[in-house]
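Below: one structure, written as structure tokens.
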Amino acid sequence: MVNVVARGRVHGRIGRRTISLAAGDVVFSRLSNPMDLIVEEATWLALIIPMSLLSIGLNWSPRFDGCVFGAGTAQATMIGGLLNSLDQIGETLEAAEITCLTQASIAIITSCLGQALPFTRASKKDVTDLQPSIRRYVADHLSESDLGQERLCHAFGLSRAQLYRSMRGTSDIAKTIRRLRLFAIRRDILSEECQGETIPAIAKRWGLSDERNFRRAFVNEFGYPPSRLRNWGNSLVDRVGEGTRLGFDLEQWMLGGQPEMDIKAS
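Under the UniProt record's numbering, the first residue of the sequence shown is numbered 1, with each subsequent residue one higher.
Structure, rendered in structure tokens:
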């Protein structure tokens, strides 16, 4: 735990060390440290870092328990600036932004404690381990028209080659996203809740705003136009498995599979 005092005073003991803190001072501790502190009208900012992350670049030792950097020192200024900056950042962040903030925070803290954090490129195993997170991201943002390989690369800090390697078994990511959208549109066309919505409006809601391209892609995928699907009406709904109407396709995608086409033109 890293704390920077914003105002007031804090004094007492952390572990075996006696401390006295004023505004601008920075103190390190572990949550397991015994503490006996007196807080005098003090406020502070705290950053809690899992030891599993910190240990990547730092061999923690008892000498860091209760370690204090006084206000005005380079270390206190850098760490204070870091915590104040983090406090100003919104709660909604992309995966790449979270990675950036995590690495920067640990690098500053470990450097201030006298050890530099060696960052390396993601290994092949690290990249392929991203597949569940990428699939979740695609499912969560499927309706957004700008979802594509460029956005995925930016969100996860990957090159195109790394993205394709992470999505092993999915050779054409753009095609897969389009296919998932088509299955979502087909499901909504069959849904009673969407009967009052036009087919182009449904397609646009799922990120396919070009009506001509959408209709062509729909026919190529399912073998019939979307208008025919709606005209078939409730009799076709009875032929669709309950799982499909409730999002079975996306569930299959989240589990690492591909959606299955279960409606055929008759």
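Ideal Cβ placement from N, Cα and C applies to all residues, glycine included.
Neighbourhood of Phe119 by C-beta distance below 8 Å, restricted to the same chain and skipping five residues each side:
Here residue 119 is taken as the residue at index 119 of the sequence shown, counted from 1. The pLDDT assigned to Phe119 is 40, lower than 50, so where the model puts this residue is not dependable, and the model offers no usable value.
Do Val39 and Val4 have their beta-carbon atoms positioned less than 8 Å apart in this structure?
Within the sequence shown, numbered from 1, the residue matching residue 4 stands at position 4. Within the sequence shown, numbered from 1, the residue matching residue 39 stands at position 39. No, Cβ-Cβ distance for Val4 and Val39 is not below 8 Å.
Spell out a yes or no on whether the region 30-38 and the region 9-22 are touching, meaning 3 or more CB-CB pairs, one atom from each, closer than 8 Å.
Judged by pairs of C-beta atoms under 8 Å, the region 30-38 touches the region 9-22, as three or more such pairs exist.
Residue environment, Arg135, which counts as buried when at least 16 other CB atoms sit within 10 Å
Translated into positions along the sequence shown, residue 135 becomes position 135. Flag for Arg135 reads buried.
Let me know if Ile14 comes out buried or exposed under the rule of 16 or more other beta-carbons within 10 Å of its beta-carbon.
If you number the sequence shown from 1, residue 14 lands on position 14. Buried, by the Cβ-count rule.
Leaving aside the five residues before and after Pro200 along the sequence, list all residues of the same chain whose C-beta is less than 6 Å from its C-beta, in chain order.
The count along the sequence shown starts at 1 and reaches residue 200 at position 200. Excluding sequence neighbours, Pro200 sits near Glu211.
Is the beta carbon of Met1 closer than 8 Å to that of Ala46?
Locating residue 46 in the sequence shown gives position 46, counting from the first residue. Locating residue 1 in the sequence shown gives position 1, counting from the first residue. It is a contact, given that the beta carbons lie within the stated cut-off.
Mark Asp238 as exposed unless 16 or more other C-beta atoms lie within 10 angstroms of its C-beta, in which case mark it buried.
In the sequence shown, counting from the first residue as 1, residue 238 sits at position 238. The predicted position of Asp238 is uncertain, since its pLDDT is 46 and thus under 50; no value can be drawn from it.
Asp188, enclosing beta strand (DSSP E) - first and last residue:
What you label residue 188 is simply residue 188 of the sequence shown in a count that begins at 1. Annotation for Asp188: no beta strand (DSSP E) segment contains it, though the alpha helix (DSSP H) segment containing it runs 173-190.
Only counting the same chain, and skipping five residues up and downstream in sequence, which positions put a Cβ closer than 7 Å to that of His141?
Within the sequence shown, residue 141 is the residue found at index 141, counting from 1. Excluding positions up to five away in sequence, the list reads Leu147.
Going by DSSP, name the residue or residues bridged to Asn3.
For this step, residue 3 is matched to residue 3 along the sequence shown. Val27, Ala46, per the DSSP bridge assignment.
With a CB to CB cut of under 7 Å and the five nearest residues on each side skipped, what residues in its chain are close to Ile189?
Here residue 189 corresponds to residue number 189 of the sequence shown, with the count starting at 1. The residues are Ile199, Ile202, Pro226, Leu229, Arg230.
Go through its chain and collect everything with a Cβ distance to Val133's Cβ below 8 Å, but skip five positions before and after it.
As a position in the sequence shown, residue 133 is number 133, starting the count at 1. Looking at the sequence shown, residue 133 is not Val but Ser. Taken in chain order, the residues that qualify are Ala95, Phe156.
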